[in-house]
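Number of protein chains: 2
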Amino acid sequence: MSRTPSNGTKASSSNGTGTGTAPVRTLDDLAALSGVSRATVSRVINGGPVSEATRRRVQTALEGTNYRPNAAARTLASGRSGVVGVVMHLDPHMLFRDPYFSQLLQGMSDALSEQAIGMMLWLGNRSKEETLDHILWMGLLDGVIATAHEQEDRLVDGLLASSLPTVLVGHRRADPAASYVDVDHVHAADTITTHLVTIGRRRIGHITGRRGTVAGEDRLAGYLRAMRRAGLRTDALIVDGDFNKASGTAGALELLDRGIDGLFCANDAMADGALEAIRVRGLRVPDDVALAGFDDLDFAAQLDPPLTTIRQGVRQLGTEAALTLFQLLKDPAGGPRRVILPTELVIRQSTVGGVQRA
Amino acid sequence: MSRTPSNGTKASSSNGTGTGTAPVRTLDDLAALSGVSRATVSRVINGGPVSEATRRRVQTALEGTNYRPNAAARTLASGRSGVVGVVMHLDPHMLFRDPYFSQLLQGMSDALSEQAIGMMLWLGNRSKEETLDHILWMGLLDGVIATAHEQEDRLVDGLLASSLPTVLVGHRRADPAASYVDVDHVHAADTITTHLVTIGRRRIGHITGRRGTVAGEDRLAGYLRAMRRAGLRTDALIVDGDFNKASGTAGALELLDRGIDGLFCANDAMADGALEAIRVRGLRVPDDVALAGFDDLDFAAQLDPPLTTIRQGVRQLGTEAALTLFQLLKDPAGGPRRVILPTELVIRQSTVGGVQRA
DNA sequence: GCCTCCTATGAAAGCGCTCTCAGCCTAGGT
DNA sequence: ACCTAGGCTGAGAGCGCTTTCATAGGAGGC
Chain D
301 MSRTPSNGTK ASSSNGTGTG TAPVRTLDDL AALSGVSRAT VSRVINGGPV
351 SEATRRRVQT ALEGTNYRPN AAARTLASGR SGVVGVVMHL DPHMLFRDPY
401 FSQLLQGMSD ALSEQAIGMM LWLGNRSKEE TLDHILWMGL LDGVIATAHE
451 QEDRLVDGLL ASSLPTVLVG HRRADPAASY VDVDHVHAAD TITTHLVTIG
501 RRRIGHITGR RGTVAGEDRL AGYLRAMRRA GLRTDALIVD GDFNKASGTA
551 GALELLDRGI DGLFCANDAM ADGALEAIRV RGLRVPDDVA LAGFDDLDFA
601 AQLDPPLTTI RQGVRQLGTE AALTLFQLLK DPAGGPRRVI LPTELVIRQS
651 TVGGVQRA
Chain G
301 MSRTPSNGTK ASSSNGTGTG TAPVRTLDDL AALSGVSRAT VSRVINGGPV
351 SEATRRRVQT ALEGTNYRPN AAARTLASGR SGVVGVVMHL DPHMLFRDPY
401 FSQLLQGMSD ALSEQAIGMM LWLGNRSKEE TLDHILWMGL LDGVIATAHE
451 QEDRLVDGLL ASSLPTVLVG HRRADPAASY VDVDHVHAAD TITTHLVTIG
501 RRRIGHITGR RGTVAGEDRL AGYLRAMRRA GLRTDALIVD GDFNKASGTA
551 GALELLDRGI DGLFCANDAM ADGALEAIRV RGLRVPDDVA LAGFDDLDFA
601 AQLDPPLTTI RQGVRQLGTE AALTLFQLLK DPAGGPRRVI LPTELVIRQS
651 TVGGVQRA
C-alpha cells in the first residue's frame with residue numbers, strides 16, 4: 301500500500317502553477333508559495349482573523365492551484381468531520397414503494413448540502429446489529445439521524461446509548477433523553493376522525509397501521525379519543541392493517557360487512573385499497589361510506605373521488621431533523637430537542653361530496 | 301471549539317473495565333492495557349502478522365473495552381478512508397417516481413455494506429457545479445460512483461478530470477478512459493424491435509426516450525438498426541418522448557393516426573401511457589397494435605395486457621458498479637474497466653396474445 | 001556448537017491539519 | 001517620548017493511527 305493519496309489512473313498534469321512546479325498539496329506548500337506561515341493559510345481557508353492584505357495574497361496564491369484540504373487531517377486535528385449519518389433501516393421494497401422515504405431523504409439532503417455537510421447513508425442491507433456495528437466503527441461521523449418508526453428498535457437503542465449525537469425521525473415515548481422530530485399522530489388522527497363525526501357519520505371504522513409502529517398505535521389512539529369524545533362506539537369497528545394497500549382492501553371488506561358509514565384508514569395506501577373494496581360492494585363514496593386517509597401522498601388527490609386526508613410535510617420533517625442535529629452539535633449541553641411539526645386536514649370529495657377540489 | 305471527540309449529551313459511563321478506570325480511547329491505552337506496543341495492537345486490529353498468543357491477549361483486553369479506532373487518524377495515516385461517494389444528480393421528482401434509482405442505490409448499498417465500506421450520497425439538491433465542488437472539497441473519499449445518463453454532463457466531466465477514481469453507471473462514447481457499468485441499449489432495443497418484426501408487424505413505431513440521454517439515443521439506434529435490417533421503413537414512425545407516461549400517450553395518439561401495427565416505447569412508463577391512447581382509439585393490444593416497452597419495472601407485468609419488455613437488472617447494475625470501483629481501487633494502474641450487463645427479452649401478452657404468462 | 005534466516009515485536013517517523021501561545025508591531029492615551 | 005492594549009502572525013505541539021526499519025530471539029542447517 302502506498303502512502304500517496306489515491307490518484308486513480310489519471311495523470312494530474314495541471315497544478316495551475318505551470319509545468320515542472322511541484323503540485324501544491326499541503327498547507328505548507330501553500331504557505332511557502334504565498335510567503336506566510338501554515339497557520340495563516342489555515343486561517344484564510346477557515347475564515348479566521350487575518351488582515352485584508354494577507355488574505356488577498358493567500359487567496360491569489362490559492363487560486364493558482366488545485367489545492368484541497370485533507371479532510372482526514374482536518375478531522376483528526378479539529379474533532380469534527382462535517383459528515384453525518386442517515387440511517388433508514390427498512391425493507392428494501394419499502395424504500396422502493398413508499399415515497400415517504402425518498403421525500404424524507406430529500407429533505408435531509410437539502411438541509412445538509414445547504415451547509416456543505418456530507419451525508420453517509422445506511423439502508424437495511426444487513427441486520428440491525430451489523431448496521432449498528434458498522435456505524436459505530438465508522439467513526440468519522442459528527443452525528444446521526446435515524447428513522448424510528450418501530451416502537452422497539454435495537455438499532456435506535458444502540459445509537460442512543462452510544463456517544464453519537466442522535467436525532468430520531470419519529471419518537472418513542474420511552475426515551476425521555478432522545479432528540480426527535482415528528483408530527484402529532486394522535487392529534488391529527490383525532491382531527492380527521494372528528495371531521496367524519498362532524499359530517500354526521502356515526503359508525504366510523506378504522507383500519508390501523510402496522511401494530512407496533514408509532515404511527516400505527518398513535519393514529520389508533522387518536523381515532524379512539526375522538527370517538528370516545530363523540531360518545532360513539534368502536535367495538536367491532538377496528539381492523540388491523542399493515543400500511544399496505546392490500547390490507548386496506550381486506551380490512552374494508554370486513555368492516556363493510558359489519559356495517560359502517562365512515563372509514564378512517566391509517567394511511568393513504570390503505571384508503572386506496574379500501575376504495576376498491578367499497579366499489580366491489582357496489583357502494584358509493586362518500587354517500588354510503590365517507591373515506592379518509594393519512595399522509596396526503598401525491599396520488600391521494602388523483603383518486604376517484606379525491607381523498608380526504610392528513611397532510612404532513614415529509615420533506616420538511618427531513619430538513620427539520622437535520623437542523624435539529626445541527627443545534628445538537630452546536631450546543632451539546634442543551635439537552636434533548638424535540639420538534640413537532642404541524643399537520644393539516646385536507647378535505648376532499650371522499651368525505652364531502654360537493655366540496656371544491658383543494 | 302473543544303478538542304475532545306464529540307460526546308453528545310450522553311455520559312459514557314461504561315468503558316467496560318470497571319468504574320474509575322480511564323476510558324480506553326486510543327491504541328496506546330489499549331497497548332498499555334494488554335502490555336504490548338501500539339504497533340502490535342494495530343496489527344491485531346488490522347489483521348497483521350502477530351503470534352497467536354499475542355493476538356489472543358490483545359483480543360481479550362479489547363473485548364473488555366468499547367474501543368473504536370479513530371477513523372480520521374486511520375485515514376490520515378493510511379491514505380484510505382473506506383468511504384466512497386455515490387452521485388445521483390437528478391430532479392427530485394425523478395428520484396421519487398422512478399424505481400430505477402432506488403433499486404440502483406440498493407444494489408450499490410448491498411455491495412458496499414458487504415465490504416463495510418461507507419457510502420456518502422449526493423443528490424440533485426444543488427447545481428452540478430456546486431455539487432462537484434462539494435465532492436472534491438470533501439476529500440475523504442476513496443472513489444466515487446456516478447450516474448451518467450446524460451450524454452453531456454459537467455459534473456461527470458469534473459469527476460473524470462479529477463484525481464478521484466470514478467465509475468459511471470451508464471456510459472458515454474466520448475470517454476475512452478472512463479470506467480463504467482451499463483447495459484447494451486442498442487442491442488436490447490434491436491432485439492425487442494426484431495421481436496415485433498418476427499411476429500409479423502411491418503409498420504412499427506417508436507417513441508423515443510428523452511433525447512440527449514444515452515438510453516434515449518441508443519434505444520433509438522437499436523430500433524433503427526433492426527428496422528433497417530428487416531428492410532422496413534421508419535419515416536414518420538418516430539416520435540420524441542421524454543420517458544414520462546404522458547409523453548407515451550401523446551406520442552401514441554400521433555402514431556396511431558399515421559397508422560401502425562406495432563409500437564416500441566423506449567421505456568415501460570411510456571408504454572403504459574401508450575396503452576391508454578390505444579384504448580382511447582378503441583383498438584386492441586396486441587391484435588391491432590403490438591406493444592413493447594423497456595425496463596421491466598414491477599408494474600409492467602401488471603398491465604392489461606401484461607407488457608412485453610426488456611429486463612435489465614438495475615439492482616445488479618448497482619452492485620456491479622461498486623465491485624468495479626473496488627477493482628479500480630485495488631489496482632489503479634489496471635486501466636479503465638468496462639462492464640456490460642446482459643438484458644433479457646421478456647415476452648408477454650402485449651405482443652403475443654396467447655402466450656403463457658412469464 | 002556456530003552461523004544464517006526468519007518471525008515477532010517495538011521504536012519512532014510521519015500523515016496534514018488545527019489551535020494555543022507567545023511575540024511583534026502599531027496605535028493611541030498620557 | 002513612554003506605556004499599554006490589541007491586532008496579526010509564526011512556531012510548535014499535538015490529534016491517533018499506520019508503516020517502515022531495526023532488533024531480539026529461535027529454529028534449523030552444517
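For the record, the sequence lines run as chains D and G.
FYI, my numbering numbers position 184 of the first sequence as 484, with every residue one higher than the one before it.
FYI, my numbering numbers position 268 of the second sequence as 568, with every residue one higher than the one before it.
Idealized CB from N, CA, C, for every residue including glycine.
Just so we're clear, the structure is a prediction, and the values are computed from it rather than from any experiment.
Counting along the chain, F564(G) sits inside the beta strand (DSSP E) bounded by residues G562 to C565. N425(D) and F626(G) have their C-alpha atoms roughly 18 Å apart.
L645(G) has I610(G) as its beta-bridge partners, per DSSP. Buried is the label assigned to P586(D), since at least 16 other Cβ atoms lie within 10 Å of its Cβ. If you draw a straight line from the Cα of G364(D) to the Cα of V324(D), it comes to about 10 Å.
At a C-beta separation below 7 Å, A416(D) has these neighbours in chain G: H434. Contact note: T609(G) does not reach chain D at a C-beta cutoff of 8 Å; the least C-beta distance is about 18 Å.
For A446(D), the enclosing beta strand (DSSP E) has its first and last residue at G443 to T447. When DSSP reads this structure, Y480(D) sits in a beta bridge with L468(D) and R638(D). N567(G) sits buried, since 16 or more C-beta atoms from the chains shown fall within 10 Å of its C-beta. Secondary structure of L591(G) (DSSP, three-state): strand. For D410(G), the chain D residues whose C-beta falls within less than 8 Å of its own C-beta are N425, listed in chain order. The beta carbon of R368(D) sits closer than 8 Å to some beta carbon of chain G. Across the stretch 342 to 361 of chain D, no CB contact with chain G closer than 8 Å is found for any residue. Our two residues, T360(G) and E620(D), have alpha carbons roughly 43 Å apart in a direct line. Within chain G, the residues placing a beta-carbon under 7 Å from that of L440(D) are A371 and A372, ordered along the chain. Around the beta carbon of I640(G), fewer than 16 other beta carbons sit within 10 angstroms, so the residue counts as exposed.
Residue contact with chain G for T494(D): absent (no Cβ-Cβ distance below 8 Å to any residue of chain G). Taking 8 Å as the cut-off, the beta carbon of R338(G) is found no closer than this to the beta carbon of G439(D). Using a Cβ-Cβ cut-off of 7 Å, T375(G) is close to A372 of chain D, given in chain order. Counting C-beta pairs with one atom in each stretch, the stretch 606 to 618 of chain G and the stretch 482 to 492 of chain G have three or more that are closer than 8 Å, which means they touch.
The Cβ-Cβ distance between A446(D) and L468(D) falls below 8 Å. For the pair P636(G) and A622(G), the Cα-to-Cα distance works out to about 14 Å.
The C-alpha of S427(G) lies about 13 Å from the C-alpha of V456(G).
The C-alpha of D535(G) lies about 45 Å from the C-alpha of A411(G). One alpha carbon belongs to G470(D), the other to A478(D), and they sit about 11 Å apart. In the DSSP assignment, H506(D) forms a beta bridge with I538(D) and F564(D). Taking 8 Å as the threshold, the shortest C-beta distance from L395(D) to chain G falls below it. Per DSSP, M420(D) lies in no alpha helix (DSSP H); the unbroken beta strand (DSSP E) holding it starts and ends at G418 to W422. DSSP places E576(G) in the helix class (H, G or I) of the three-state scheme. Straight through space, the alpha carbons of V614(G) and R529(G) are spaced by roughly 29 Å. In the structure shown, T493(G) falls within a helical segment according to DSSP collapsed to helix, strand and coil. Inter-segment contact for the stretch 542 to 558 of chain G and the stretch 521 to 528 of chain G is absent: fewer than three beta-carbon pairs are separated by less than 8 Å.
Under DSSP, the beta-bridge partners assigned to T513(D) are E450(D). Taking R558(G) as the centre and dropping the five residues before and after it, the same chain places the C-beta of A536 closer than 6 Å to its C-beta, in chain order. Closer than 8 Å to the CB of Q612(D) there is not a single CB belonging to chain G.
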